[in-house]
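Structure first, then comments.
Protein chains: 2
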Amino acid sequence: MKKIFNVAIVGASGLIGRKFIEVLEKRRFPVGEIKLFASEKSRGKKMTAFGRSIELKTLDENSFKGTDIVFFSAGKNVALKYAPIAESQGAFVIDNSSAFRQNPDTALIIPEINGKSLNQYKNKIISNPNCSTAIALLPLFYLHKRYRLKRVIYTTYQGISGSGQRGIDDYKRCENGLIAQFFPINPTKNCIPKIGGFSKYGYTEEELKMVFETQKILGLTLPVSATCVRVPVLNCHAVSVDAEFEKEIYDEDVKSILKNAQGVRLADLPCQTLADGKDEILVGRIKRSFAFNNGLSFYCVGDNTLKGASLNAVQIAELLINSGRLC
Amino acid sequence: MKKIFNVAIVGASGLIGRKFIEVLEKRRFPVGEIKLFASEKSRGKKMTAFGRSIELKTLDENSFKGTDIVFFSAGKNVALKYAPIAESQGAFVIDNSSAFRQNPDTALIIPEINGKSLNQYKNKIISNPNCSTAIALLPLFYLHKRYRLKRVIYTTYQGISGSGQRGIDDYKRCENGLIAQFFPINPTKNCIPKIGGFSKYGYTEEELKMVFETQKILGLTLPVSATCVRVPVLNCHAVSVDAEFEKEIYDEDVKSILKNAQGVRLADLPCQTLADGKDEILVGRIKRSFAFNNGLSFYCVGDNTLKGASLNAVQIAELLINSGRLC
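Residue numbers (the working numbering), protein chains in the order written: chain A, 11 to 337; chain B, 11 to 337.
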């Protein structure tokens, strides 16, 4: 049995790429060789990972030979082109983009929720969920297990880092009095109720991701609605969740369910600066939703660069090792 | 028939007090004498209103003699003590606090919605609604008129100015690197999911105001849920509204209803800096709510110091004049 694994990171110089390295290091992932890939403009630069100085390369047809597992965070188009190449060269792929999430043959995994389903997929490309979905669905799942979710409405407060380094750069530009170039309006002075392009039914792409991914990860067709809003906070996403359940709810049980939930921490006042850099999703403001018979509402916040991206991806890789598929 | 009215403003030096003066001036309210009241610490200072320099006074038992109409924005306790005194001295009172809103004998008015009900109340104290309620309920009302509201969930993005001058001062203190004194955590770096103290059922006072006032203003007992969050934006409140209706909805009608709605303006991207200083509520992101059968979701933003406070109060005063009650 192989004890170390050759790892590649695509989009290594980006915000999430750098977080992949941090999380792999922190969790002592059994790394053998490491390859770091970036776009043309970063080629030749060096980054440090696992104590080694590694040169950034650009992708080509042979990039993944001898690689066991590749973490992609380079957008949809790069993933669509290169993830199948990595797979054909024998590597597992964990892709942070939305490229394959809707593919019925592709697993979409939050380990605490549907980690066990991973073995049902033959495909070696595995999708990492959308950041807000991961953050909101983790606590919601534990309540669903007990009370059976009937319908859910998400309303988000998403930090600037969710739009990547170019979003952060634009935010800082606006802090210095310049005009927004990436955002449609000054993101330091506005909540912007549009994330991603417009799609069907008047929803944005981000909102439809939350709808679709909730259904796919829970394996249920249930009514899900979402409104996604960018807020003037640098990092972390918060989500206000209003849910209706099939079964009768007992207030005292709800807190104990969430208190004992893996990856979740109860907080009196779940706020971004408290969640920043933390693995857990902070959950608070738990109350009956007056809108429904068996309704619950809660407010949660998590680090979108961690559980919303890199941490969840590394947890998937650990699952591949623990289940013996990556060996 | 009296053509001009003696006006008093209580809390005149505060954020909303100053807005009362601005709005009265802008709308050319037929002002006779003006009295401005403030707390002890502002006594003797002067403010300009309607081109006159007026000395700020503190309240006493005889403050309202000869006054026709008093605008209160000095908090609940001042209103509870002095509004009845003003009434007993013959003045109409429009109170911006929550002091009397739940009183069945007190009118709670958004003129475009239930202005006609004002004449059913004998009481001369009239309550101005909570800021977020006014902003969200105005567009929702027009849809309710057509489709009959069945249930509604509010999720808010409330600006710092909603907490008054002390909130703004604290925000600016934190912008300069100091520690928050008024807010429980740095309001420049966090969305804070708690506005007002905690009340019954795990709701905050602000949330229960939205629940109760929606029902009172529409004159309906329907399921209303609310989650209120302070966001790092100086002025204006945004609300994401998810509503279920009795009747079938036609997408093309929804836009035309809101396009023709008084006090409402359609906006592709309703954001705070676009609503700041404007009388209208900007409404956009109109979409079917997947959570409900006849569901609609929209996102609106309005200036909490205007339609959320001073403008609505002055509109109530104009209603008193136009209906002949104030004469």
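Backbone N, C-alpha and C fix where the C-beta goes; we use that ideal spot for every residue, glycine too.
* Asked: Using a C-beta to C-beta distance shorter than 7 Å, which residues of chain A count as neighbours of B:F300?
  -> Numbered from 1 along the second sequence, position 290 holds the residue referred to as residue 300 of chain B. Simply V221, P233, V234, S235.
* Nearest chain B C-beta to A:C281 closer than 8 Å, yes or no? -> Counting from 1 along the first sequence, the entry for residue 281 of chain A is found at position 271. A:C281 counts as touching chain B.
* Please check the pair B:L46 and B:L66, which I expect to be a contact at CB under 8 Å, by giving their CB distance rounded to whole angstroms. => Within the second sequence, the letter at position 36 stands for residue 46 of chain B. Within the second sequence, the letter at position 56 stands for residue 66 of chain B. Right, their Cβ atoms sit about 5 Å apart.
* Comparing the C-beta of B:D86 with each C-beta of chain A, is any distance below 8 Å? -> Start at 1 with the first residue of the second sequence, and residue 86 of chain B comes out as number 76. It should be noted that the sequence gives Lys, not Asp, for residue 86 of chain B. Under the 8 Å criterion on CB atoms, B:K86 is classed as non-interfacial with respect to chain A.
* **Entirely enclosed alpha helix (DSSP H) segments - the segment 79-127 of chain B, minimum 4 residues** => 86-98, 121-124
* **Whole-Å CB distance - B:N138 paired with B:A319, under 8 Å assumed** => Reading the second sequence from its first residue, position 128 is the one you call residue 138 of chain B. Reading the second sequence from its first residue, position 309 is the one you call residue 319 of chain B. Confirmed, about 7 Å.
* Asked: Is the CB-CB distance between A:S307 and B:S142 below 8 Å?
  -> Residue mapping note: residue 307 of chain A aligns to position 297 of the first sequence, counting from 1. Residue mapping note: residue 142 of chain B aligns to position 132 of the second sequence, counting from 1. Taking 8 Å as the cut-off, the beta carbon of A:S307 is found no closer than this to the beta carbon of B:S142.
* Asked: What are the start and end residues of the alpha helix (DSSP H) that includes B:A327?
  -> The residue given as residue 327 of chain B occupies position 317 in the second sequence. First-last of the alpha helix (DSSP H) with B:A327: 321-332.
* Near-chain B residues of the segment 140-156 of chain A - C-beta to any C-beta below 9 Å -> Contacts with chain B (Cβ-Cβ distance below 9 Å) from the segment 140-156 of chain A involve no residue at all.
* Asked: Under a CB-based cut-off of 8 Å, is A:G318 close to chain B?
  -> Translated into positions along the first sequence, residue 318 of chain A becomes position 308. Not one chain B Cβ lies under 8 Å of A:G318.
* How many whole angstroms separate the CB atoms of A:V5 and A:V41, which I take to be in contact at a CB cut-off of 8 Å? -> Absent from the structure is residue 5 of chain A, since the part of chain A shown begins at 11 and ends at 337.
* Just to confirm, does B:C141 get its C-beta within under 7 Å of one of the non-hydrogen atoms of the ligand MG? -> Absent from the structure shown: the ligand MG. Ligands present: none.
* To do: Return the residues of the segment 179-197 of chain A that lie within a Cβ-Cβ distance of less than 7 Å from chain B, sorted by chain order.
  => Correct list: P194, I195, N196.
* Give every residue of the same chain whose Cβ lies closer than 6 Å to the Cβ of A:G334, excluding the five residues on either side of it in the sequence, and list them in chain order. => Taking the first residue of the first sequence as position 1, residue 334 of chain A is located at position 324. Around A:G334: no qualifying Cβ.
* Asked: Does DSSP put B:Q282 in a helix, a strand or coil?
  -> As a working note, residue 282 of chain B is residue 272 in the second sequence. Here B:Q282 sits in helix by DSSP.
* Asked: How would you call A:P203, buried or exposed, if buried means at least 16 neighbouring beta carbons within 10 angstroms?
  -> If you number the first sequence from 1, residue 203 of chain A lands on position 193. Buried, because 16 or more other Cβ atoms sit within 10 Å of the Cβ of A:P203.
* **Sequence-distant residues of the same chain with beta carbon closer than 8 Å to A:M11, five excluded per side** => What you label residue 11 of chain A is simply residue 1 of the first sequence in a count that begins at 1. Per-residue confidence for A:M11 stands at a pLDDT of 48, beneath the threshold of 50, marking its modelled position as unreliable; the derived number appears in the next sentence. Non-local beta-carbon contacts of A:M11 in its own chain, meaning distances under 8 Å to residues more than five positions away in sequence, involve C337 in chain order.
* Asked: Given B:G294, which residues of its chain have a CB within under 8 Å of its CB, disregarding the five upstream and five downstream residues?
  -> Locating residue 294 of chain B in the second sequence gives position 284, where the first residue counts as 1. Answer for B:G294: L276, A277, D278, L279, P280, F308, Y309, C310, listed in chain order.
* Asked: Whose CA, out of A:D78, A:T77, A:F102, A:F110, lies closest to the CA of A:K86?
  -> Residue numbering aside, residue 86 of chain A sits at position 76 when the first sequence is read from its first letter. Selected option, being the one with the closest Cα: A:F110.
* To do: Tell me, please, which residues DSSP counts as bridged to A:D70.
  => Here residue 70 of chain A is taken as the residue at index 60 of the first sequence, counted from 1. The partner list for A:D70 (beta bridge, DSSP) is empty, contrary to what the question assumes.
* Asked: Taking just the CA atoms, how far does A:A117 sit from B:Q272?
  -> Here residue 272 of chain B refers to the residue found at position 262 when the second sequence is read from its first residue. Here residue 117 of chain A refers to the residue found at position 107 when the first sequence is read from its first residue. Approximately 50 Å, taken between the alpha carbons.
* Please confirm if A:G287 has its CB atom under 8 Å from at least one CB of chain B. => Sequence index remark: in the first sequence, residue 287 of chain A carries index 277 (1-based). Output row for A:G287: interface = no.
* Would you please verify whether the beta carbon of B:N200 is less than 8 Å from any beta carbon of chain A? => In the second sequence, residue 200 of chain B corresponds to position 190, counting from 1. Closer than 8 Å: yes.
* Asked: Taking the alpha carbon of A:E201 as the point to measure from, which residue in A:L150, A:V239, A:I291 has its own alpha carbon closest?
  -> Position 191 of the first sequence, counting from 1, holds the residue named residue 201 of chain A. The question names Glu, yet the displayed sequence has Cys at residue 201 of chain A. Nearest of A:L150, A:V239, A:I291 to A:C201, Cα basis: A:V239.
* Simplified DSSP assignment, three categories, for A:K134 -> What you label residue 134 of chain A is simply residue 124 of the first sequence in a count that begins at 1. Coil at A:K134, not helix or strand.
* Alpha carbon of A:L218 to alpha carbon of A:S209, nearest angstrom -> Here residue 218 of chain A refers to the residue found at position 208 of the first sequence. Here residue 209 of chain A refers to the residue found at position 199 of the first sequence. Approximately 8 Å, taken between the alpha carbons.
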